[in-house]
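**Q**
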Amino acid sequence: MLFRSKRSPHGDQDVVIDVSEEFGIRKLHFGQDDTQSAMRVADPLELVLAYTRCAFGLLLFVEPPREMVLIGLGGGSIAKWVHHKLPQTRLTCVELHSQVVNVARSMFHLPQDDERLSVQVADGTAHVYAMPPGATDVIMMDAYSSTGIVPSLISSDFLTACRDRLTENGVLAINLWSSDKRFPDYRNRLSGVFDGRVVCLPARQKGNVMAFAFNRPQNNPQWERLRERARELEAAYQLEFGEFVADLARMNPHNDRRLFV
Numbered sequence: 002m003l004f005r006s007k008r009s010p011h012g013d014q015d016v017v018i019d020v021s022e023e024f025g026i027r028k029l030h031f032g033q034d035d036t037q038s039a040m041r042v043a044d045p046l047e048l049v050l051a052y053t054r055c056a057f058g059l060l061l062f063v064e065p066p067r068e069m070v071l072i073g074l075g076g077g078s079i080a081k082w083v084h085h086k087l088p089q090t091r092l093t094c095v096e097l098h099s100q101v102v103n104v105a106r107s108m109f110h111l112p113q114d115d116e117r118l119s120v121q122v123a124d125g126t127a128h129v130y131a132m133p134p135g136a137t138d139v140i141m142m143d144a145y146s147s148t149g150i151v152p153s154l155i156s157s158d159f160l161t162a163c164r165d166r167l168t169e170n171g172v173l174a175i176n177l178w179s180s181d182k183r184f185p186d187y188r189n190r191l192s193g194v195f196d197g198r199v200v201c202l203p204a205r206q207k208g209n210v211m212a213f214a215f216n217r218p219q220n221n222p223q224w225e226r227l228r229e230r231a232r233e234l235e236a237a238y239q240l241e242f243g244e245f246v247a248d249l250a251r252m253n254p255h256n257d258r259r260l261f262v
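Residues in the sequence shown are numbered from 2 upward in steps of one, following my numbering.
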């Protein structure tokens, strides 16, 4: 199956959306780009792509958020999971293209808005700048164009704005590519804005890396405490949190007892 969207009738910026389906997996692509989102048709809530599961590695460090902002919707995998699995979380999704929202709802089971879900067609940077200080517990960014992460979403000014819109114990989570030659610059930029309080979690699929930047120190958690937390989270959410803990040692300062953050 191949579906291609037409230009949006609402006059927003054009984007070509392809939807393919094979072996029970439905995928969303922006034109000929790599897979942007994937859904198992028999289980629409399953997080098929590894990086979408890694996104919730932030729960190793903080409790489920009360307020969360997601910039970039794709097929809605992360939004669906939050809506169904984190009942205490109120989620605002900001997506630039109305046709992406339409496809997510018509072909990827994204639910309609309710008291805990608001999907807005808007520019993510403008949305964050308009938020008051301390407005949200988590800002998660998963907004890519054909050339990589949208530059305005990784500028020092915008990262500073995100930091200021987070609560005291808030987290900024960004989906990055380790193979991007600018990845070290992006990581250093995050570290500068968040005073070194940054952890990178590589996905066991392609080159995705979830970067978590914290508003306050995590007190260099012991590996055993992280493993204990992972066991609790695995029981609650059926994601591979134990693997996430093991993978944290691949990209972050640590010793045999602690992760330094």
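Beta carbons are placed, not taken as given, at the ideal position from N, Cα and C, and that holds for glycine.
Bear in mind the structure is a predicted one, so any value in this text is a computation, not a measurement.
On the CB-based measure, 16 or more other CB atoms within 10 Å of its CB, does aspartate 248 come out buried or exposed?
**A** By the 10 Å Cβ count, aspartate 248 comes out buried.
**Q** Since arginine 54 and leucine 177 are thought to touch, with beta carbons under 8 Å apart, how far apart are those beta carbons, to the nearest angstrom?
**A** A Cβ-Cβ separation of about 16 Å leaves arginine 54 out of contact with leucine 177 under the 8 Å criterion.
**Q** Name the DSSP beta bridge partners of histidine 110, please?
**A** Answer is none; histidine 110 lacks a bridge partner.
**Q** Expressed to the nearest angstrom, what Euclidean distance is found between the alpha-carbon atoms of histidine 84 and phenylalanine 62?
**A** 20 Å
**Q** Output needed for asparagine 256: all residues of its chain with C-beta closer than 7 Å, excluding positions within five of it in sequence on either side, in chain order.
**A** none
**Q** Would you kindly work out how many angstroms separate the C-alpha atoms of phenylalanine 242 and alanine 231, rounded to a whole number?
**A** 5 Å
**Q** What do you reckon, are the CB atoms on proline 222 and methionine 252 nearer than 7 Å?
**A** no
**Q** Identify the continuous alpha helix (DSSP H) that holds leucine 249 and give its terminal residues.
**A** 242-249
**Q** Which ranges would you report for the alpha helix (DSSP H) in the stretch 125-206 if only whole runs of at least 4 residues count?
**A** 125-131, 157-166 and 184-194
**Q** Whole angstroms is fine: what's the gap from glutamate 225's alpha carbon to serine 192's?
**A** In a straight line, the C-alpha of glutamate 225 is about 25 Å away from that of serine 192.
**Q** Are serine 179 and valine 210 closer than 7 Å when you measure CB to CB?
**A** yes
**Q** Closest by CA to arginine 217, which one among Val104, Val17 and Phe195?
**A** Phe195
**Q** Do three or more CB pairs link the stretch 76-94 to the stretch 158-175 at distances below 8 Å?
**A** no
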